[in-house]
Amino acid sequence: MVGSCNGVLCLTTSPQSIHYIGRWRQVQVYSLRKNSWNVLSNVPNSLYNIYEPQVVVNGAFYWLVNSVVSDCLSILMFDFTDETFEEIKMPDCFNEDLGEFVRLGEVKGKLSLLLHLDEDSSAGDSLEMWMMEDSGWVRQFVVNVSQLYVPGCLAMNDEVMLLSTYSNVGHILSCDLKTLELTDHEVEEQRPRAFTYTPSLALLGEEN
């Protein structure tokens with residue numbers, strides 16, 4: 019499994035033919051309809067180090083990236099409609115030194131940001147979720163936690179956030195976004211990852 023897109027799981031085997039463009043700054047977009055690659059010329063020069071996992075919201079891809087200019091974390095957006103890039107700043111109060119783990123997500127059709135902050139206080143750490151509104155970033159909730167959690171994906175009902183503990187053997191937990199209660203599902207795996215899933219059948223290569 020390589021990830022998920024709009025709730026559809028993306029799987030791969032070991033292909034015999036791989037389209038490789040090297041490590042230089044270049045973006046190519048593949049079209050199933052045209053069965054061809056399109057090389058883009060408007061790639062930002064001020065961004066580097068793209069982190070996984072990415073998220074798709076309203077026909078646009080979003081990645082966490084490091085900015086060469088400011089040497090800090092930001093968000094890179096790619097709009098499939100006009101095949102253009104745009105850099106989005108983090109919330110104004112975001113302190114990268116406190117951001118142990120950061121994840122992008124999608125909540126009710128909007129871009130969201132999940133943060134685990136190391137408060138270094140008697141109250142412990144905290145988990146925060148921010149949502150991108152028309153006016154900018156708006157903080158949705160803050161919940162105190164006693165150990166290091168890695169923000170995961172959001173369930174399809176937008177009411178449960180999946181988390182995992184950061185250790186040699188991690189645990190899968192869920193956080194009810196209404197009550198902010200944590201539930202341990204007793205799934206023990208080494209650094210587990212979670213993806214959203216929507217029962218569907220996608221026919222690749224078919225024109226609609």
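Each residue of the sequence shown is one higher than the one before, counting from 19 in the working numbering.
Think of the CB as a built atom: it goes at the ideal place given N, C-alpha and C, for glycine as much as any other residue.
Small disclaimer: the values here were computed from a predicted structure and weren't measured.
Original post:
Should residue 40 be labelled buried (16 or more other beta-carbon atoms within 10 Å of its own) or exposed?
Top reply: Unreliable placement is indicated for residue 40, whose pLDDT of 48 sits below 50; no coordinate value is reported for it.
Original post:
What separation, rounded to the nearest whole angstrom, lies between the Cα atoms of residue 150 and residue 130?
Top reply: 6 Å
Subject >> Complete runs of the alpha helix (DSSP H) confined to the region 88-128 [at least 4 residues] >> reply: none
**OP:** For residue 156, collect the residues of the same chain with a Cβ closer than 6 Å to its Cβ; drop the 5 residues on either side in sequence, then sort them by chain order.
**Re:** 149
Original post:
Can the beta-carbon of residue 120 be found less than 8 Å from the beta-carbon of residue 82?
Top reply: yes
**OP:** Would you list the one or two residues that DSSP bridges to residue 46?
**Re:** 57
**OP:** Could you name the residues of the same chain whose beta carbon sits closer than 7 Å to that of residue 163, not counting the 5 residues immediately before and after it, in chain order?
**Re:** 142, 143, 144, 145
Original post:
How would you call residue 193, buried or exposed, if buried means at least 16 neighbouring beta carbons within 10 angstroms?
Top reply: buried
Subject >> residue 153 (DSSP reduced to helix, strand or coil) >> reply: coil
Original post:
Leaving out the 5 sequence neighbours to the left and right, which residues in its chain are closer than 8 Å to residue 127 when beta-carbon positions are compared?
Top reply: 75, 76
Original post:
Taking C-beta to C-beta, are residue 108 and residue 132 nearer than 8 Å?
Top reply: no
**OP:** Just the C-alpha distance for residue 201 and residue 190, rounded to the nearest angstrom, thanks.
**Re:** 9 Å
Subject >> Cβ-based burial, residue 98 [other Cβ within 10 Å; buried from 16] >> reply: exposed
**OP:** Between the Cα of residue 110 and those of 89, 72, 134, 154, spot the shortest distance and give me the residue it belongs to.
**Re:** 154
Original post:
residue 103 and residue 67: beta carbons closer than 8 Å?
Top reply: no
**OP:** State the DSSP-derived secondary structure class of residue 82, mapped to helix, strand or coil.
**Re:** strand
**OP:** On the DSSP bridge assignment, give the partners of residue 146 in chain order.
**Re:** 133, 160
Subject >> Of the residues 56, 84, 91, the one placed nearest residue 100, counting alpha carbons only >> reply: 56
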